[in-house]
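K.L.:
Numbering (the working numbering), first residue to last: 2 to 224.
Note that CB positions come from ideal geometry on N, CA and C, so glycine has one too.
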Amino acid sequence: MAVTLMDLPFAEDALEPVISRETIQYHYGKHHKGYVDNTNALIKGTELDDEVPLVDIVKNSDGVLFNNAAQAYNHNFYWMCLTPDPMPPSPKMVELIERDFGSFESFKEQFLNAAATLFGSGWAWLELDVNEKLVITQRSNGDTPIIYHHTPLLTMDVWEHAYYIDYRNDRKKYLESLWELIDWKFVASNIIDYYHDLTEPCRENSELCDYIEMLQHENEVTT
Ligand code: MN
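So this is what it looks like as structure tokens:
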């Protein structure tokens, strides 16, 4: 079997009261598991059914397989963005956000607004684009930054199944509550990983390079 359902990085009730155990049991145990199971059923017997990483299945599929594989990937990412022991973003992380959004408060407002106003089902993302700038995107259904060569940094799931048990139709309240559980170390780690995956780190004029060493230091000292 090529794709496995990840283990949650916290207990089912660890995010209460922001996200209830019941929501986790449905969202992770049924919806997320369903995308994984569907992906495996769809790749069975194809060239993708042999130790092909999920990201490569996402990048090399379309239609119903893409929808399910991308949703499996997006949910893996979503759970990693949340923690029962949140800490504020590190100074360098804040500085990088200020570089691209003016202020941290402005970023928070823009991000939550993007998530609140996304029409229908989908995801709000903070991404590193191909110019190494931070961008906020609204992506519908299973759409995902990795097919645009963007690096995902943070996401919030705004499909109704993410919040309807706990918040009914109040998506805004869900988002504001979820904001308090963001794992900013994970956000920073995605920038650090992007940098380490580059074949030619620190390309000329890369402002991002100035941030990496300190981001990494800050992540290490708060472990
Ligand atoms: Mn979901």
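Determine the direct distance from the alpha carbon of threonine 200 to that of aspartate 167, and round the result to whole angstroms.
P.N.:
44 angstroms
K.L.:
DSSP three-state call for glutamate 50: helix, strand or coil?
P.N.:
Note that residue 50 is aspartate in the sequence shown here, rather than glutamate. Three-state result, aspartate 50: coil.
K.L.:
Can you tell me whether DSSP reads isoleucine 213 as helix, strand or coil?
P.N.:
helix
K.L.:
What residues match up with methionine 157 in a beta bridge as DSSP calls it?
P.N.:
Ala125
K.L.:
Quick one: what does DSSP say valine 136 is sitting in, helix, strand or coil?
P.N.:
strand
K.L.:
Check each candidate in Met157, Thr223, Lys45 and Asn170 and name the one with the smallest Cα separation from asparagine 75.
P.N.:
Considering only alpha carbons, the answer is Met157.
K.L.:
Closer than 6 angstroms from C-beta to any heavy atom of the ligand MN: which residues, in chain order?
P.N.:
His28, His32, His76, Asp158, Trp160, His162 and Ala163
K.L.:
Find the nearest neighbour of isoleucine 147 within the set Val56, Lys45 and Ile44, judged by alpha-carbon distance.
P.N.:
Here the closest residue by C-alpha is Val56.
K.L.:
Here's a check: name, in chain order, each residue in its chain whose Cβ is nearer than 7 angstroms to the Cβ of glycine 121, leaving out the five neighbours to either side.
P.N.:
Ser141
K.L.:
Under 7 angstroms Cβ to Cβ from histidine 28, same chain only, skipping five residues before and after it: list those, please.
P.N.:
His162 and Ala163
K.L.:
Can you find a C-beta in chain C that's less than 8 angstroms from the C-beta of tryptophan 124?
P.N.:
The displayed structure is made up of one protein chain only, and chain C is not part of it.
K.L.:
Looking only at DSSP bridge pairs, what is leucine 83 linked to?
P.N.:
As computed with DSSP, leucine 83 is found in a beta bridge with Ile183.
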